[in-house]
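J.:
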Amino acid sequence: MKNLTQACLGAIVCLTVSTGLAQAPATVEVQPAELELKVGESAQLSAVVKDEDGNVIPGAQVLFFGSRLNLQVTPGGFVTAIRPGKHRVIALHPDTPIEGDPDYYTRSFEAGIRGRLEIEVPEPPLASIEIQGVPETVYTGTTSAVRVTGIDESGAERADLVPMLSVSDADVVQTDGFGTITGLAPGAASVTATVDDISATVAFAVAENPIRTLAISASQREARTGDFLHSAAIAPDAGGNIVEGVPISYSLINQPDLGHAEARGGGASAMILDDGRFVAEQQGVYTVLAMSGNAMARDSVRIEKRDVAREFEYLGHARVPGHLTSDLWIWEGQDGRDYAVIGSWGGPGTAYFYDVTDPENMQLVDTVTVDARTVNDVKISEDGRIGILSREGASNRRNGIVILDVSNPRDVKILSTYDDQMTGGVHNVFVYENHVYAVNNGRRFDVINIEDPTKPYRVSRFETDSPGRAVHDVWVKDGIAYQAGRTDGIVMVDVGGAGDVVGGSPEKPVEMGRADQITRWNHAVWPFKSESAGKFYVFAGDETFYDNPRVPDRDEYVFDKLPQRAGGWVHVIEFDDPKNPKEVASYKVGDYGVHNYWIDWDDEVMYTAYYQGGLRALDVSGELLGDLYAQGREIGRFFSDDPDAVVPNAPMAWGPQPHKGTIFFTDHHSGLWAVRLKEKEEDEEDAEAADR
Amino acid sequence: MRIARTFLAAAGLAATFASAADRNYYVYVAAESDDTVHLVRYGPDGGHLERTISVGAFATETEGPHGIRVSPDGRHWYVSIAHGMPYGSVFKYDTADNISIGDVQVGLFPATMDISNSTGLMFVANFNLHGDMVPSSISVIDTVSMMEVAQIPQGVMPHGSRASPDGRFHYSVGMMDDTLYEIDVMKLTVSRKLRLTASDDAIAHDKHDGHAMGTASPTWVQPHPTKPFVYVALQGADQVAEVSLEDWTITRRFHTQDGPYNLGITPDGRLLLATCKPHGSTAIWNLESGTELASVPASRRITHGVTISPDSRYAFVSVEGVADDPGTVDVIDLQTYKTVASIDVGKQASGIDFWKVE
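Protein chains in written order, with my numbering: chain A, 1 to 692; chain B, 1 to 358.
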């Protein structure tokens with residue numbers, strides 16, 4: 001009884017309209033019955049509880065609540081609008097405890113008696129709009145794109161504006177109404193944008209286009225699909241001087257070679273950027289058109305098939321019976337032989353060490369079992385002496401990392417563990433110059449000094465201040481750490497490689513820049529300095545899984561041996577200027593889902609574990625633009641089919657690593673594999689042999 | 001006595017060791033390191049694994065289902081998914097077909113949870129196992145619409161979410177701030193706090209100098225079904241403390257084996273059960289006399305949760321195991337205090353809740 005007494009106190013609406021004898025509560029009515037609130041506005045709600053006859057029950061308790069992200073609702077019904085939209089407030093009269101024999105749940109549970117109110121919170125009215133992108137001078141015969149942005153009364157930027165454009169003098173300038181203006185004749189002009197009775201106007205001048213002729217030549221007359229061509233036009237005036245600052249627009253006439261199957265019904269066969277840079281996906285002849293006013297120039301290039309395809313040759317396979325496997329690392333041991341370590345997933349917490357000197361006969365030489373269910377990541381130090389295992393699912397839930405002595409891979413020893421403030425689990429690690437970079441709890445990365453691997457200690461932690469930040473991976477190259485995560489995308493962090501200007505170190509990581517990943521699926525990262533392109537790229541990989549309704553009663557995919565369906569692709573980001581990264585290309589293979597990858601900087605080949613798409617090799621030489629898969633850059637593919645896998649004949653390629661000409665990779669379902677990319681001549685010799 | 005066990009996997013074979021039940025008892029149990037939830041039945045033909053349901057969204061991430069709760073009417077079950085990106089979530093399933101019908105994001109590492117049977121509101125302890133010793137929260141979810149309606153500030157690493165029998169109050173403990181919290185369900189605010197200590201002397205000392213002792217490490221709070229008491233597992237002190245809701249003080253202490261972790265009280269109010277996690281046993285106490293009746297060894301290492309049948313006849317204990325061990329549900333006969341069945345489930349069996357008898 002004391003609890004009930006306490007519950008009646010405070011901010012509860014206790015209405016006391018006398019109606020005679022108490023009746024069983026039947027309905028809750030909320031007042032007002034309709035309500036519209038502006039963002040930030042508040043109102044006090046009330047409610048009455050009635051019996052079946054419509055009599056108000058005096059003193060009946062009501063609790064109000066609503067989605068905390070959209071409305072602020074006190075238990076007493078004082079509501080404040082937070083976000084635009086239509087939001088529900090519930091007024092709840094508490095039910096009584098379940099009575100009778102609870103074995104059979106004969107009494108229906110209604111979660112109390114509820115009244116509801118839909119509150120309309122309209123988008124705040126626009127306060128102002130602004131037209132952007134209008135040049136001071138628009139030249140006759142040229143078109144400029146303009147953009148309209150707006151701020152609403154709450155101060156929020158509105159990205160959903162559909163403006164109406166109009167121009168001051170239709171003889172001087174015209175607009176398509178959607179977002180472009182085109183100069184027609186010299187004179188003063190203006191463009192006005194209107195949204196919800198809010199207008200903005202920008203004045204400009206239309207000048208005679210000084211360009212009389214255009215000249216264009218492609219950087220190459222012949223190239224391959226996927227090659228990046230520059231086709232910038234120049235505009236000499238009547239005196240032969242080059243005119244600057246006058247827009248030149250580009251387009252293409254595509255003539256793909258229909259003698260090739262992929263050219264038929266293949267959609268767009270090439271793309272061209274606003275500045276004339278161009279890449280083709282199919283072989284054929286392409287004519288680039290440059291236009292400004294009445295001047296036009298054209299030039300043609302012949303595009304041949306890239307022709308980089310090669311075959312993978314199977315070398316060997318080492319299955320881990322009964323267990324899913326995870327990441328791998330390959331290295332040359334102190335004894336000059338080659339070794340591999342792979343982790344395991346959802347198992348006994350074991351890491352497996354193999355002698356892979358002969359990839360056709362990989363031998364298990366040692367195992368290390370730690371207190372974990374998943375050893376997701378494994379890394380080996382540059383000198384091949386120290387190994388790092390990440391831990392998840394430890395029986396004491398302390399997780400963290402385990403530091404190994406792998407100087408003799410046939411007799412691996414545990415040197416120490418480190419789990420201070422890493423209890424939520426370490427999913428990925430990297431080891432670089434006596435420091436471990438450990439993704440901690442999916443929120444940040446910790447930097448742990450292992451100069452004395454028996455006494456690790458934390459020297460710093462890097463964590464952004466983004467709300468809801470989520471980090472998945474970290475990779476360190478040349479003193480720069482690359483963090484991958486869903487919230488912030490790719491974050492470039494100096495840990496000692498960027499010099500004094502940035503001033504980062506393992507003890508003081510300093511952010512250099514970041515690139516948003518609009519899919520919000522960012523999972524893996526790999527930096528790539530392309531010698532052939534003279535550019536620095538960062539490859540950012542997705543990871544996601546499609547909803548896949550299952551056949552009833554077959555809903556456990558591992559036990560029932562059903563594969564998962566992953567999605568996502570690789571985003572290529574030009575990162576020469578860390579403060580201004582640009583996503584320029586993508587590598588997307590149908591409905592397969594990308595996982596981990598490794599770029600060979602020397603060969604300029606990316607090896608990708610594409611989950612159900614198997615192992616893939618991609619030519620990443622030259623400047624990168626557009627759809628790399630469609631350009632025929634894919635070199636080869638290998639499907640890790642295994643009838644005795646945990647999930648049979650369902651490739652789930654996890655991570656690759658090239659080493660001394662062999663491509664090793666792990667498959668989540670079937671363990672460690674070794675393959676080799678055959679030389680083109682070998683393919684041809686094999687084909688000739690087959691013909692004979 | 002360690003009991004021999006049959007590995008059941010997905011085959012649903014029975015493992016029965018003593019006299020069988022005359023009815024079928026069903027419980028749901030979560031397996032934290034396998035991302036699965038299991039429906040287990042104990043009946044006249046012994047113990048059976050009836051269903052295995054995959055939970056979570058990422059096949060290659062361990063998302064950690066930790067807490068599980070069946071709605072008071074038995075029509076739905078709810079599971080907390082601890083690891084998110086970064087926030088965890090609670091999923092709602094239909095018990096008729098075990099299909100997910102809703103979910104909502106909550107705080108960091110949601111763990112235990114309970115539903116107020118007077119309001120239908122669920123209270124989820126955001127345990128925040130992310131290593132930072134910072135205050136966390138209790139998320140309040142409307143289980144009908146699956147929307148989060150509030151986050152009520154709590155202490156460090158809140159755990160042991162349980163509602164009072166009348167559904168008007170909610171109790172939880174701060175594992176790392178040694179505090180019992182009471183929430184007024186009708187106000188959605190903390191109404192009372194109680195410092196939990198390892199000894200009564202420590203209480204005096206605490207009052208004297210104002211410093212917490214920090215040794216109790218409470219992990220669970222269990223309201224008595226009929227009397228104004230709650231029972232708190234003090235894992236760090238190897239005790240269960242009885243707290244009077246009228247006086248808001250510790251009135252009795254039960255000294256247990258190592259690490260009492262989760263608690264259960266039989267619906268008839270007669271017995272108190274405590275899983276002693278590191279000891280690998282379940283302690284059974286007579287609440288009236290305050291005497292320990294039995295310490296029942298688990299079939300494998302690390303006991304976790306306990307739920308009791310509505311007829312106070314059987315206790316179902318989730319046992320985590322270690323490394324590659326499967327998790328297990330041990331069924332304890334509360335008349336003989338013996339384990340009568342052990343049913344293997346997924347790895348690191350954790351949250352467990354009773355569904356129905358038929």
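Note that the Cβ used here is the ideal one computed from N, Cα and C, for glycine as well.
The model shown is predicted, which means the values in this text are computed figures rather than measured ones.
Tell me the residue span of the alpha helix (DSSP H) that contains Glu685 (chain A).
T.: Glu685 (chain A) -> alpha helix (DSSP H) spans 680-691.
J.: Output the boundary residues of the beta strand (DSSP E) element that contains Leu287 (chain B).
T.: No beta strand (DSSP E) contains Leu287 (chain B), which DSSP labels as neither H nor E.
J.: I'd like to know whether the C-beta of Trp673 (chain A) is nearer than 7 Å to at least one C-beta of chain B.
T.: Trp673 (chain A) does not count as touching chain B.
J.: Can you grab the Cα-Cα spacing for the pair Val37 (chain B) / Ala294 (chain B), in whole Å?
T.: Each residue's Cα considered, the two are about 29 Å apart.
J.: Mind checking if Gly305 (chain B) is an interface residue toward chain A, Cβ cutoff 7 Å exclusive?
T.: No, its Cβ sits nowhere closer than 7 Å to a Cβ of chain A.
J.: When you compare the segment 635-642 of chain A with the segment 305-312 of chain A, are there three or more beta-carbon pairs, one atom per stretch, that lie closer than 8 Å?
T.: A contact exists between the segment 635-642 of chain A and the segment 305-312 of chain A.
J.: Using Cβ-Cβ distances below 9 Å, what residues of the segment 482-498 of chain A are close to chain B?
T.: Against chain B - using a Cβ distance shorter than 9 Å - the residues of the segment 482-498 of chain A are Gly485, Arg486, Thr487.
J.: Excluding five sequence neighbours on each side, which residues of the same chain lie with their C-beta closer than 7 Å to the C-beta of Gly155 (chain B)?
T.: Closer than 7 Å at the Cβ level, and outside the excluded window around Gly155 (chain B), lie Pro135, Gly174, Asp177, Thr179, Tyr181.
J.: What residue from A:Phe545, A:Leu161, A:Ser395 has the CA that sits closest to Ala57 (chain B)'s CA?
T.: Of A:Phe545, A:Leu161, A:Ser395, the residue nearest in Cα terms is A:Phe545.
J.: With DSSP collapsed to three states, give me the class of Asp103 (chain A).
T.: Model confidence at Asp103 (chain A) stands at a pLDDT of 36, short of 50, so the residue's coordinates are unreliable; what they give is reported in the following sentence. Asp103 (chain A): coil per DSSP, three-state reduction.
J.: Between the segment 603-622 of chain A and the segment 288-299 of chain A, do three or more beta carbon pairs fall short of 8 Å?
T.: Judged by Cβ distances under 8 Å, the segment 603-622 of chain A makes no contact with the segment 288-299 of chain A, as fewer than three pairs qualify.
J.: Closer than 8 Å by C-beta to Val17 (chain A): which residues in its own chain qualify, once you throw out the five before and the five after it? Chain order, please.
T.: Low local confidence applies: a pLDDT of 38 at Val17 (chain A) is under 50, so the model's placement there is unreliable, with the coordinate-based value given in what follows. Excluding residues within five positions, the ones whose Cβ falls inside 8 Å are Val48, Val56, Pro58.
J.: Buried or exposed: where does Asn262 (chain B) fall if 16 or more other Cβ atoms within 10 Å of its Cβ makes it buried?
T.: Result: buried.
J.: Per DSSP, Phe123 (chain B) forms a beta bridge with which residues?
T.: Answer by DSSP bridge pairing, in chain order: B:Asp114, B:Val140.
J.: What's the C-alpha gap between Glu262 (chain A) and Gln282 (chain A)?
T.: Rounded to the nearest angstrom, the two C-alpha atoms are 8 Å apart.
J.: Check the Cβ of Phe65 (chain A) against every Cβ in chain B and list those closer than 8 Å, keeping chain order.
T.: Residues of chain B passing the Cβ test: Leu121, Val140, Asp142, Val149, Ala150, Leu188.
J.: Give the single residue among A:Arg444, A:Val285, A:Tyr250, A:Ala156 whose Cα lies nearest to the Cα of Ile272 (chain A).
T.: Of A:Arg444, A:Val285, A:Tyr250, A:Ala156, the residue nearest in Cα terms is A:Tyr250.
J.: What residue ranges within the segment 16-86 of chain A form continuous beta strand (DSSP E) runs of no fewer than 3 residues, ordered along the chain?
T.: The segment 16-86 of chain A contains these whole beta strand (DSSP E) runs: 25-31, 42-44, 46-51, 63-66, 71-73, 78-81.
J.: Helix, strand or coil: which one does DSSP assign to Gln235 (chain B)?
T.: Looking at Gln235 (chain B) - three-state DSSP - the assignment turns out to be helix.
J.: Here's the rule I'm using: 16 or more other beta-carbon atoms within 10 Å means buried, otherwise exposed. How should Leu672 (chain A) be labelled?
T.: Buried, because 16 or more other Cβ atoms sit within 10 Å of the Cβ of Leu672 (chain A).
J.: Can you find the residues in the same chain that come closer than 6 Å, C-beta to C-beta, to Asp353 (chain B), ignoring five residues on each side of it along the sequence?
T.: Closer than 6 Å at Cβ, skipping near neighbours: Tyr28, Ile68, Arg69, Val70, Thr307.
J.: Please list the partners that Glu157 (chain A) has in chain B, where partner means a Cβ-to-Cβ separation under 7 Å.
T.: Residues of chain B passing the Cβ test: none, with the nearest at roughly 25 Å.
J.: Take Met113 (chain B) as the anchor and find which of B:Ile101, B:Asn126, B:His83 has the nearest alpha-carbon.
T.: Cα-wise, what sits closest to Met113 (chain B) is B:Asn126.
J.: For the beta strand (DSSP E) that Gln255 (chain A) lies in, which residues bound it at each end?
T.: Counting along the chain, the beta strand (DSSP E) containing Gln255 (chain A) begins and ends at 249-256.
J.: Just to check my reading of the structure: Arg398 (chain A) and Asp419 (chain A) have Cβ atoms closer than 8 Å, yes? What is that Cβ distance to the nearest angstrom?
T.: About 4 Å; that satisfies the 8 Å criterion.
J.: In angstroms, rounded to a whole number, what distance separates the CA positions of Gly661 (chain A) and Asp327 (chain A)?
T.: Cα to Cα, Gly661 (chain A) sits roughly 20 Å from Asp327 (chain A).
J.: Does DSSP classify Asn361 (chain A) as helix, strand or coil?
T.: Residue state, collapsed to three classes: helix.
J.: For the beta strand (DSSP E) that contains Trp220 (chain B), what are its first and last residues?
T.: Element bounds for Trp220 (chain B): 218-223.
J.: Output the distance between the C-alpha atoms of Asn70 (chain A) and Leu108 (chain B), rounded to the nearest integer angstrom.
T.: Those two C-alpha atoms are separated by around 20 Å.
J.: Of all Cβ atoms in chain C, is any one closer than 7 Å to the Cβ of Glu120 (chain A)?
T.: Protein chains A and B are contained in the structure displayed, whereas chain C is not.
J.: Compare the C-alpha of Val653 (chain A) against each of A:Ser231, A:Pro135, A:Leu324 and name the closest.
T.: The sequence given here places Ala at residue 653 (chain A); Val does not occur at that position. Closest option to Ala653 (chain A), Cα to Cα, is A:Leu324.
J.: Return helix, strand or coil for Ala263 (chain A), following the three-state DSSP convention.
T.: Correct three-state label for Ala263 (chain A): helix.
J.: Please report the straight-line C-alpha distance between Glu451 (chain A) and Asn440 (chain A), rounded to a whole angstrom.
T.: Whole-angstrom Cα-Cα distance: 20 Å.
J.: Using three-state DSSP, classify Asp627 (chain A) as helix, strand or coil.
T.: Correct three-state label for Asp627 (chain A): strand.
J.: Of all the beta strand (DSSP E) runs that stay within the bounds of the segment 319-344 of chain A, which reach a length of 3 or more residues?
T.: For the segment 319-344 of chain A, whole beta strand (DSSP E) runs of length 3 or above, ordered along the chain, are 324-332.
J.: When DSSP builds the beta bridges, which residues end up paired with Tyr537 (chain A)?
T.: Per DSSP, A:Phe528, A:Glu574.
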